[in-house]
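Undergrad: First the structure, then my questions, so here it is.
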DNA sequence: TCAACTCGTGAAGATTCTGTGCAGATCAGT
DNA sequence: ACTGATCTGCACAGAATCTTCACGAGTTGA
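Protein chains in written order, with my numbering: chain G, 49 to 276; chain F, 49 to 276.
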């Protein structure tokens, strides 16, 4: 992220002091920032500047934030961070319905705004990445069955063939316990087999790669995948 | 994409609010959308409207999403985007399993749905292009299936007939792992063949021409083309 | 608490798989 | 038929992976 080109953020806020404060902080964080002070200006600037994210105040002259949100989302999907004067439930619900992805209630800390913006951008990055493949997500774990690849919090993890098959078998019913016999049948194709430590060994190997806590041992029964 | 005729999408979802929300958004994205609210209606509309893609909720009145999927796939192969209520359940099996489907877990972001739909359609486009005569780009690799020519970063690479067929077979599903058996069946037309090093030899030759790193070995499974 | 049972672990040997060089077979064009 | 290009698949080495075993740690139920 340090070497990638700067993200552009459109800040839409009619209050000059707040607008400038947000802008300054985001620039300090390394973002490109363009500013708009009303609805029509926001929609126009959105088309002109192609921002990666929009910070949008609900209360605006011209038409309100929801309308702006609708219009820019109609142009192109973009993550929107709504800013509301009070935590009015209705406003928030409408905003989320119109396509806002997150919202913040005034007064807010700049640090929180920055943190949420970064989180939102990360989320979208992952969504775009995900769109390219047929991956399944379970907590921080992402499994692409076709490519036989696995990621843990964005970092790819190398699994052997057996480890991968074992994971997929467990992931097919997250949280559900599978007996060793069931696993030996489904993963190894040894129906009726038992009395071997083979499953345990591979569970150990799998745990060492995706985190011990993600495979729960159910004493006397078997193993289950945790969605964390 | 701007000049091509609009793609038609069939949205199958019994919840009116969600159905309409998806429909509205997809129409805003420029798709033609037809709506169905239950299994029988979906199957009938599928035949009548010839959609390019189906968005399908698992939970449906009549018969469930899997059944609908089976019936429409029986009529004509079509990309299906499944929507599941929660990511537990054996529903994930469908996502992990073989089918040509992608899936999404509720609640989902409209943007993500749109991104994945576009990705699915691109995948299909690519397969069609590969079968036809237009050139496809995969990372720095450009493949013109009609002319049977390949370029790597603008420089043409000479491939033998077998190498080319092998590349096209791998390129039809970039990133996806294909077994040697599958390759022997599809490229060599020897269904059921195995126990030979023929595939390996041609992979070696292909690698020497397009770069070793572009063909990923999946130990114990097969090979996959990387899009780099 | 204690015995009985179950599970985790590390290591080692066995097994399987892949990369590679090479040679004979096959093919296409002359 | 000749020649050069291509294809096939074997043999081998090295790498990767799998399985099993022994034993200590952990868990359960009486």
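The beta-carbon is built from N, C-alpha and C at its ideal position, and this holds for glycine as well.
Being a predicted model, the structure only gives us computed values, none of them experimental.
Which whole-angstrom value describes the C-beta separation of residue 229 (chain F) and residue 242 (chain F), a residue pair presumed to lie in contact below a C-beta threshold of 8 Å?
TA: Right, the Cβ-Cβ distance comes to about 5 Å (below 8 Å), so this counts as a contact.
Undergrad: Tell me the DSSP secondary structure of residue 87 (chain F) in three-state form.
TA: If DSSP states are grouped into helix, strand and coil, residue 87 (chain F) belongs with the helices.
Undergrad: Under the rule that 16 or more other beta-carbon atoms within 10 Å means buried, what is residue 87 (chain G), buried or exposed?
TA: The residue is buried, with at least 16 neighbouring Cβ atoms inside 10 Å.
Undergrad: Within the same chain, show all residues whose beta-carbon is closer than 8 Å to that of residue 57 (chain F), passing over the 5 residues directly before and after it, in chain order.
TA: Contacts found: 74, 79, 80, 81, 82, 99, 100, 101, 102, 103, 165.
Undergrad: Which residues in the same chain have their Cβ closer than 6 Å to the Cβ of residue 70 (chain F), if we skip the five residues on either side of it in sequence?
TA: Correct list, in chain order: 59.
Undergrad: Would you kindly check if the distance between the Cβ of residue 200 (chain F) and the Cβ of residue 218 (chain F) is under 8 Å?
TA: No, these two residues do not count as a Cβ contact at 8 Å.
Undergrad: Do residue 226 (chain F) and residue 270 (chain F) have their beta-carbon atoms positioned less than 8 Å apart in this structure?
TA: Taking 8 Å as the Cβ cut-off, residue 270 (chain F) and residue 226 (chain F) qualify as a contacting pair.
Undergrad: At 9 Å on the CB atoms, spell out the chain F contacts of residue 208 (chain G), in chain order.
TA: Near residue 208 (chain G) (Cβ distances below 9 Å), the residues of chain F are 267, 268.
Undergrad: Among G:223, G:259, G:208, whose alpha-carbon lies nearest the alpha-carbon of residue 235 (chain G)?
TA: Here the closest residue by C-alpha is G:208.
Undergrad: Residues bridged to residue 258 (chain G) by DSSP?
TA: Residue 258 (chain G) is not bridged to any residue.
Undergrad: If we call anything under 8 Å between Cβ atoms a contact, is residue 223 (chain F) one with residue 195 (chain G)?
TA: In this structure, residue 195 (chain G) lies closer than 8 Å to residue 223 (chain F) by Cβ.
Undergrad: Taking only beta carbons into account, state which residues of the segment 98-121 of chain F come closer than 8 Å to chain G, listed in chain order.
TA: Those residues of the segment 98-121 of chain F that come within reach of chain G (Cβ to Cβ, closer than 8 Å) do not exist; the list is empty.
Undergrad: Do you know offhand how far residue 192 (chain G)'s Cα is from residue 264 (chain F)'s?
TA: Their Cα atoms are separated by approximately 15 Å.
Undergrad: Which residue or residues does DSSP assign as beta-bridge partners of residue 270 (chain G)?
TA: Residue 270 (chain G) is bridged to G:227, G:266.
Undergrad: Check the Cβ-Cβ distances between residue 76 (chain F) and every residue of chain G, and say whether any is below 8 Å.
TA: Yes, residue 76 (chain F) lies at the interface with chain G (some Cβ there is under 8 Å from its Cβ).
Undergrad: Quick one: measure Cβ to Cβ for residue 122 (chain G) and residue 76 (chain F), integer angstroms, because I've assumed they're closer than 8 Å.
TA: Contact flag correct, Cβ pair sits at about 5 Å.
Undergrad: Quick check: the Cα distance between residue 197 (chain F) and residue 240 (chain F), rounded to an integer number of angstroms?
TA: Whole-angstrom Cα-Cα distance: 30 Å.
Undergrad: Is the shortest distance between the beta-carbon of residue 237 (chain G) and the beta-carbons of chain F less than 8 Å?
TA: Residue 237 (chain G) does not count as touching chain F.
Undergrad: Can you list, in chain order, the residues of its chain whose CB lies under 6 Å from that of residue 131 (chain G), leaving out five sequence neighbours each side?
TA: The residues are 105, 152.
Undergrad: Tell me, please, whether the CB atom of residue 196 (chain G) is closer than 8 Å to any CB atom in chain F?
TA: Yes - at least one Cβ of chain F is within 8 Å of the one on residue 196 (chain G).
Undergrad: Could you work out which residues of chain G lie near residue 272 (chain F), taking near to mean beta carbons separated by less than 7 Å?
TA: Those within 7 Å of residue 272 (chain F) in chain G are 195.
Undergrad: In three-state DSSP terms, what is residue 247 (chain G)?
TA: The answer is helix: DSSP assigns residue 247 (chain G) an H, G or I state.
Undergrad: Rounded to a whole number of angstroms, what is the C-alpha to C-alpha distance between residue 210 (chain F) and residue 250 (chain F)?
TA: Distance between the alpha carbons of residue 210 (chain F) and residue 250 (chain F) is about 8 Å.
Undergrad: State the beta-bridge partners of residue 199 (chain G) as determined by DSSP.
TA: Paired residue(s): G:190, G:204.
Undergrad: Look at the alpha carbon of residue 178 (chain F) and the alpha carbon of residue 247 (chain G), and state the distance between them as a whole number of angstroms.
TA: For residue 178 (chain F) and residue 247 (chain G), the distance between alpha carbons rounds to 42 Å.
Undergrad: Could you name the residues of chain G that residue 68 (chain F) contacts, counting a contact when the two beta carbons are closer than 8 Å?
TA: None at all; the shortest Cβ gap to chain G is about 12 Å.
Undergrad: Would you list the residues sitting across from residue 60 (chain F) in a DSSP beta bridge?
TA: Bridge partners of residue 60 (chain F): F:84, F:104.
Undergrad: With a threshold of 8 Å between beta carbons, is residue 95 (chain F) in contact with chain G?
TA: By this cut-off, residue 95 (chain F) is not an interface position.
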